[in-house]
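Here the protein sequences come in this chain order: A and B.
Note that this note's numbering has the first sequence beginning at 124, numbered continuously upward.
Note that this note's numbering has the second sequence beginning at 10, numbered continuously upward.
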Amino acid sequence: MGSYIIRRLSSAVPVMAIVAIIVFLLLHLAPGDPAAIMAGDNPTPEAIAQIRQQLGLAEPLWRQFLLWVVNLTHGDLGQSIVWGEPVTRLIAQRAEPTISLALTTSVFAVPIALVLGIAAAAKAGTAFDRCVMGFAVLDFSIPLFVVGYVLIFLFSIKFKWLPVQGYSPIANGVGPWLRSLTLPTLALGLPYVALIARITRATMLEVLSEDYMRTARAKGVGSARLLLKHALKNAALPIVTVIGMGVGFLIGGAIVTETVFNIPGIGRLVVDGITRRDYPIIQGVTLILSGVYMLVNLLVDLSYALFDPRIRY
Amino acid sequence: MSNLTRRSIMQGGLALAGTIAAPQLALGQNGGGRTITAGGVDLTSYDPVVSTSLLTTYHAAKVYDTLFGLDLQQRPQPQMVSKYELSDDKLTWTFELRDGLKFHDGAAVTSADVIPSIRRWAARSPLGQLMMTHVKDISARDTKIFSIQLKERFGLVLEGLAGSSDGGCFIMRKKEAETDPAQKIDAVIGSGPFKFNLTETKPGAKYVYDRNPDYVPRKEPPSGMAGGKLVKIDRLTYMAMPDAQTAIAAIQAGEIDFYDEPPIDLLEQLSRDKNVKLQVLDQLGQNGLIRFNHLHPPFNNVKCRQAILYIVKQLDYLKAIISNPDYYKTCASSFGCGTSTENDANTGWFRAAPDYTKAKQLLKEGGYDGRPVVLLQATNWSIAKDAAEILADEMRRAGINVRLEPMDWAGVTARRAVKSSPDQGGWNVFTSTAPGFFLGNPLFSYHQANGEKGWFGWASDSKNEELRNRWVLAETVEERREVAREMQENEWNFVPQVLFGRWLQPVVMRVNIKGVQPNTFSWASPVWWNVEKA
Chain A
124 MGSYIIRRLS SAVPVMAIVA IIVFLLLHLA PGDPAAIMAG DNPTPEAIAQ IRQQLGLAEP
184 LWRQFLLWVV NLTHGDLGQS IVWGEPVTRL IAQRAEPTIS LALTTSVFAV PIALVLGIAA
244 AAKAGTAFDR CVMGFAVLDF SIPLFVVGYV LIFLFSIKFK WLPVQGYSPI ANGVGPWLRS
304 LTLPTLALGL PYVALIARIT RATMLEVLSE DYMRTARAKG VGSARLLLKH ALKNAALPIV
364 TVIGMGVGFL IGGAIVTETV FNIPGIGRLV VDGITRRDYP IIQGVTLILS GVYMLVNLLV
424 DLSYALFDPR IRY
Chain B
10 MSNLTRRSIM QGGLALAGTI AAPQLALGQN GGGRTITAGG VDLTSYDPVV STSLLTTYHA
70 AKVYDTLFGL DLQQRPQPQM VSKYELSDDK LTWTFELRDG LKFHDGAAVT SADVIPSIRR
130 WAARSPLGQL MMTHVKDISA RDTKIFSIQL KERFGLVLEG LAGSSDGGCF IMRKKEAETD
190 PAQKIDAVIG SGPFKFNLTE TKPGAKYVYD RNPDYVPRKE PPSGMAGGKL VKIDRLTYMA
250 MPDAQTAIAA IQAGEIDFYD EPPIDLLEQL SRDKNVKLQV LDQLGQNGLI RFNHLHPPFN
310 NVKCRQAILY IVKQLDYLKA IISNPDYYKT CASSFGCGTS TENDANTGWF RAAPDYTKAK
370 QLLKEGGYDG RPVVLLQATN WSIAKDAAEI LADEMRRAGI NVRLEPMDWA GVTARRAVKS
430 SPDQGGWNVF TSTAPGFFLG NPLFSYHQAN GEKGWFGWAS DSKNEELRNR WVLAETVEER
490 REVAREMQEN EWNFVPQVLF GRWLQPVVMR VNIKGVQPNT FSWASPVWWN VEKA
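Next up, the structure:
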């Protein structure tokens, strides 16, 4: 397994290099000039040219790329054009809210989705099954920001139970931390629930129709044991894969969720970076997120061995 | 280890729910003299010399002080200066700093700080640059007295220092003031009524300002950027909230105290909420702007630009964009309405518009040959986006072959700087807005017509430049008004741009916020001195 992990990690290097090149080129070829944005509302062309010069944006593209790669090898993601602070520091400042949101969303969504998916499969074709699947379709179809606004209206404006916006760091206490994350977690978690519940139901139904399940049933295995031990374990691989792939969904969803709930996380940072053409921030965040995504997928692959003893690395 | 029972799980769940739902002060805490303000825009620079962004100016107005400030009537009033005089030959201004001026690091403000601050400001400010062409020297007589010697008479020294063409000449420490004017300063230490709290600030999310206990306010009542700056709140936090809907919900829930730009279509909803109040701070408002590229056909021909005057019906734009008639008004003056330079010279076209027959005739006379006209459309800014849609429709009705090019505002800001022809990546026209404060000033970029050295669009008109010079040299308000009238007469002939109406943007605040003063210097942000939270 050790050599497999090393091979997978080393194969991540060229992938991330390709990501880096694509992101760099896309950003620099897209219309927009950070110098023009930084210069303010009514700049003169001379002022913009001067800022471009100072930011190094007047250098040829290949030289800018080379400099970025050289700095990258030293662990330096560069300095934000707008704020003038190291990108690593800005990402570190914004990491806690995003990690917290991803964590609470996963903790909320995965168990609920598994229970709903398994129950729907066990009661396939019944009203309960149709309700669960209807709920899943609805959850997946309503845009995240609409869910967010509805939750804010209900729980913050109408009932005044939870805050509209903002993030309270965990250092300020678990209570305020959970309060600040409850609505964002619900908004981001509901489509995630729908995604996992649907795949769980479909996979479970497939497994439940296998011969060995019929045999187990004939041997008198109880339905709970049948579902949780025999069926779920055999259905686990696609479910775990979807949960892993859902990290990509969580990253994308976090951008919207953090904007709607005004959470100063990495999602907001990257949106601000894009609107201002703050190249180092967009490059740095994209690179780190792609690394996280690859790492999660590696963990998913490794987890296969836990569910299927035939898989060996 | 105790057994996990259904009852214990329920008890744990209830305890957790209680913890979550219990009223917490940690989040949205804004009591005890702390005020939270929010806006849709983020602060992109702390340096008011490098960036002319309005938000940077608001930031600077809290942290730094100015030698002079503009009052509500836009007259320069002394601020850091106690005494000042102009010599009999009108060539030497002498200023004395008032007592008790201290930077936030405890050092006294001296002439040695003021002089490089003026020079750095003047390197970037439009009026400062002009002033320096008339200045022979700026020198210190002692630590508190300094003078500006002129080569020739120049009537706008005080207006310049007070920020008639920008946010103002903010006084920095000598160390920062000697920084290259195009280079950002690396420390935010001023002598203003608020101290910038860098430790609590999170760039991109929140910016924190603490009351400066050492600040000595002037005795005069506050008026605009002038008068006594008495800070009555301990801490002011500005939060960047990109989502207006969230900000509105937050102010209704009492999590923030002030929001600077509530969407116009939500004003009715807000006016029904007894916990919040609306107030228009900037009576000069915003003006819709249609800016031409004067370098390329068809708008390098004055007849084609005049044709647009005849197709733009301001009410159509205002109804579509602002919708609430309480907040908009048509305006025919090229200097905006409510400004000291507003006048009605040469506005016959305004009463005639829309007149498509006249527009088609002018386009024909201007030699328009049906080539595509590239109209830049900022899709992430609703005002500019909607205005571009309406303009495109009007232009098509006049027979212009319009090509709308959608992009985000960042894309427009980059594209509008391109001087090549529209088929080579350039452009013909874009829509934007112009604050009344700036539009009312003949020196500001909208009124430049000095060709490729000027603002985007690169309008060129020698008579305009001659009149702008006359405005600078005018010594009385009446004289300036007369020159402004002549400028407008000329501007609506050569048409550097077309305006699509004027509107006022109210701010929204909790009812317990008292003492918010109107001002003309800014768009929607109040000056935070004299504001208190009941």
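Backbone N, C-alpha and C fix where the C-beta goes; we use that ideal spot for every residue, glycine too.
Keep in mind it's a predicted model, so treat the numbers as computed, not measured.
I'd like to check one pair, residue j with residue i: are the Cβ atoms closer than 7 Å?
| i | j | result |
| --- | --- | --- |
| T339/B | G137/B | no |
| R162/B | V58/B | no |
| S534/B | Y73/B | no |
| P168/A | A426/B | yes |
| G445/B | T350/B | no |
| Q158/B | D146/B | yes |
| A387/B | V438/B | no |
| V411/B | A362/B | no |
| T305/A | L277/A | no |
| W102/B | L95/B | yes |
| N521/B | A493/B | no |
| V285/B | R43/B | no |
Quick check on residue i: does DSSP put it in helix, strand or coil?
| i | result |
| --- | --- |
| Q33/B | The predicted model places Q33/B with a pLDDT of 39, which falls under 50 and marks its position as unreliable, so this point remains unresolved. |
| Q254/B | helix |
| E474/B | helix |
| Y218/B | strand |
| E209/B | strand |
| R43/B | strand |
| K99/B | coil |
| K92/B | strand |
| E488/B | helix |
| W512/B | strand |
| P527/B | coil |
| A341/A | helix |
What's the gap between the Cα of residue i and the Cα of residue j?
| i | j | result |
| --- | --- | --- |
| A423/B | P157/A | 8 Å |
| G298/A | T249/A | 40 Å |
| R253/A | A247/A | 8 Å |
| L200/A | V210/A | 6 Å |
| Q33/B | G263/B | Per-residue confidence for Q33/B stands at a pLDDT of 39, beneath the threshold of 50, marking its modelled position as unreliable; no derived number is given. |
| P231/B | M248/B | 25 Å |
| S91/B | V383/A | 49 Å |
| Q370/B | N478/B | 35 Å |
| V289/B | L64/B | 18 Å |
| W418/B | G48/B | 18 Å |
| E374/B | K312/B | 7 Å |
| L331/A | S413/A | 36 Å |
| P314/A | V273/A | 15 Å |
| T485/B | S203/A | 47 Å |
| G207/A | D195/B | 9 Å |
| E488/B | E500/B | 18 Å |
| D98/B | K160/B | 11 Å |
| D262/A | R227/B | 59 Å |
| V193/A | A218/A | 25 Å |
Please confirm whether residue i has its beta-carbon closer than 7 Å to some beta-carbon of chain A.
| i | result |
| --- | --- |
| T440/B | no |
| K184/B | no |
| P251/B | yes |
| G41/B | Below a pLDDT of 50, predicted positions are generally treated as unreliable, and G41/B, at 46, falls in that range; no measurement from the model is reported. |
| G213/B | yes |
| G37/B | Low local confidence applies: a pLDDT of 40 at G37/B is under 50, so the model's placement there is unreliable, and no value is given. |
| T208/B | no |
| E541/B | no |
| E491/B | no |
Please report whether the beta-carbon of residue i lies at a distance below 7 Å from any beta-carbon of chain B.
| i | result |
| --- | --- |
| A218/A | no |
| D401/A | no |
| S229/A | no |
| V423/A | no |
| T382/A | yes |
Could you please tell me which residues of the stretch 339 to 352 of chain B, in chain order, have their CB closer than 8 Å to any CB of chain E? The question asks about chain E, but that chain is absent: this structure's protein chains are A and B.
Touch test, the stretch 503 to 521 of chain B against the stretch 328 to 348 of chain B, Cβ-Cβ under 8 Å, three pairs minimum: The way I'd put it, the stretch 503 to 521 of chain B does touch the stretch 328 to 348 of chain B; three or more beta-carbon pairs between them come closer than 8 Å.
Using 8 Å as the cut-off, can you tell me whether the stretch 387 to 403 of chain B makes contact with the stretch 297 to 305 of chain B, which would need three or more C-beta pairs spanning the two stretches below that distance? By the criterion of at least three beta-carbon pairs nearer than 8 Å, the stretch 387 to 403 of chain B is in contact with the stretch 297 to 305 of chain B.
For the stretch 238 to 255 of chain B against the stretch 138 to 147 of chain B, are there 3 or more C-beta pairs whose distance is under 8 Å? Flag = no, the stretch 238 to 255 of chain B and the stretch 138 to 147 of chain B do not touch.
I'd like to know if the stretch 441 to 458 of chain B and the stretch 475 to 495 of chain B are in contact, where contact means that at least 3 CB-CB pairs between them fall below 8 Å. Contact between the stretch 441 to 458 of chain B and the stretch 475 to 495 of chain B is established, with three or more Cβ pairs separated by less than 8 Å.
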